[in-house]
Structures are given as structure tokens and as C-alpha cells.
Amino acid sequence: MQCEYICSCPLWRNESPRLDCIFVTTNPELVGMQGLDVVQFLTFFPFSFRRKKYPCAIVHWFTHSEDPDPNTRMWISWCSSSRIHCILSPDISILHINMIYCAAHLIPVYGTRFIPTRIQPHQPYHIFHAFYVNKFADHHTFEITS
92 MQCEYICSCP LWRNESPRLD CIFVTTNPEL VGMQGLDVVQ FLTFFPFSFR RKKYPCAIVH
152 WFTHSEDPDP NTRMWISWCS SSRIHCILSP DISILHINMI YCAAHLIPVY GTRFIPTRIQ
212 PHQPYHIFHA FYVNKFADHH TFEITS
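Okay, so the sequence shown: first residue is 92 according to my numbering, each after it adds one.
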């Protein structure tokens, strides 16, 4: 049995936010990344309805490619957004924590431009537009993304 901690902290060590990414099961009938999506946790919260408590999270969805990248054999993911009244807004929703599969690790797709010298650990999701889903983070991630 494995235990993973998933963080959603607005001020990690009183400096900057730490918002972890995870895999969520979106289609249990499909295998691997075909049945999973990547989300970034924004906050955890429970609510009660008719005396039953529901543990939930507000998440920011990522979209991933149909197939792994041919050069790296890693899936490419990017922040998902919707156009509402000509304004581009991030796809944010509420999900039950039972949809959580395991933690995910994303690596920026760097491209050919220089990386800013003063980049902070919490800024990559705002600076980079695409991310590799790191299948080498651990053996469990390797199995589900290969």
C-alpha cells in the first residue's frame, strides 16, 4: 500500500503557492492515459448535503495529447480553457476526491527561447504553455503513462 500527500497550499512556507497536480480517473473503462486526465488542485473543501459529507476539490483541468510525443515518448499536457463571451477563461470545476488516481509530475516543454533567470518554483504554470507528463517520476506513474 502506498501513501501520497497532495498539497494545495496558498502560501507554502509563507512565500508562494504550492498547488500539486494529480491524475484523475475520467473513464475507468480505458487503459492508462486514455482514461485519465491531469488536474491541478486549487483547494480542498468538504460540504454537507442531507446529512452526508462530500469531500471535494476545486481543480484546474489540463488537456493532453492523443498520443505520446514521438521524440520523448511522454504525453504532452496543457492548461485547458474555455471561451465565454469572447473571454478566454481556465477550465475550473469541482470534483469528488474519489476520482483521484495518484500524484502527477509535469515538466515544462522549454522550447527554444531562454528561460527567465528569476523564475520562481510556483511560476512555471503561468510562464510555460505545455508540459510533459513525467513518466519517470516513479514506477507507478511509468506503468500508467507507458
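Just so it is clear, CB atoms sit at the ideal spot from N, CA and C, and this is done for glycine as well.
Run through the segment 185–221 for me and flag every whole beta strand (DSSP E) of 3 or more residues, listed as ranges in chain order. Correct list: 191–195, 197–199.
C-beta contact flag for Ala195 and Phe114 at 7 Å: In the sequence shown, the residue the question calls residue 195 occupies position 104. In the sequence shown, the residue the question calls residue 114 occupies position 23. Yes, the Cβ-Cβ distance between Ala195 and Phe114 is below 7 Å.
Just to confirm the assignment, what range does the alpha helix (DSSP H) spanning Thr116 have? Reading the sequence shown from its first residue, position 25 is the one you call residue 116. Where Thr116 is concerned, there is no enclosing alpha helix (DSSP H), although the beta strand (DSSP E) it sits in stretches over 112–116.
Fully enclosed by the segment 143–184, which beta strand (DSSP E) runs are 3 residues long or longer? As far as the segment 143–184 is concerned, its whole beta strand (DSSP E) runs of at least 3 residues are 143–155, 167–170, 172–175, 178–181.
Whole-angstrom Cβ separation of Met124 and Ile235, contact assumed at under 8 Å? Counting from 1 along the sequence shown, the entry for residue 124 is found at position 33. Counting from 1 along the sequence shown, the entry for residue 235 is found at position 144. Between Ile235 and Met124 the Cβ distance is about 7 Å, and since that is below 8 Å, they are a contact.
As a quick exercise: from Pro199, Ile183, Asn162, Ser171, pick the residue whose alpha carbon is nearest that of Ala221. Locating residue 221 in the sequence shown gives position 130, where the first residue counts as 1. The option with the nearest alpha carbon to Ala221 is Pro199.
Beta-carbon separation (whole angstroms), His151 vs Pro181, contact threshold 8 Å: The residue given as residue 151 occupies position 60 in the sequence shown. The residue given as residue 181 occupies position 90 in the sequence shown. The Cβ separation is near 5 Å, so the contact holds.
Under a three-way DSSP split, which group does Phe135 fall into? As a working mapping, residue 135 is identified with position 44 in the sequence shown. In the structure shown, Phe135 sits in a strand (DSSP, three-state: E or B).
Closest by C-alpha distance to Met190, when choosing among Cys98, Val130, His231: Looking up residue 190 in the sequence shown gives position 99. Measuring C-alpha to C-alpha distances from Met190 to each of Cys98, Val130, His231 identifies Val130 as the nearest.
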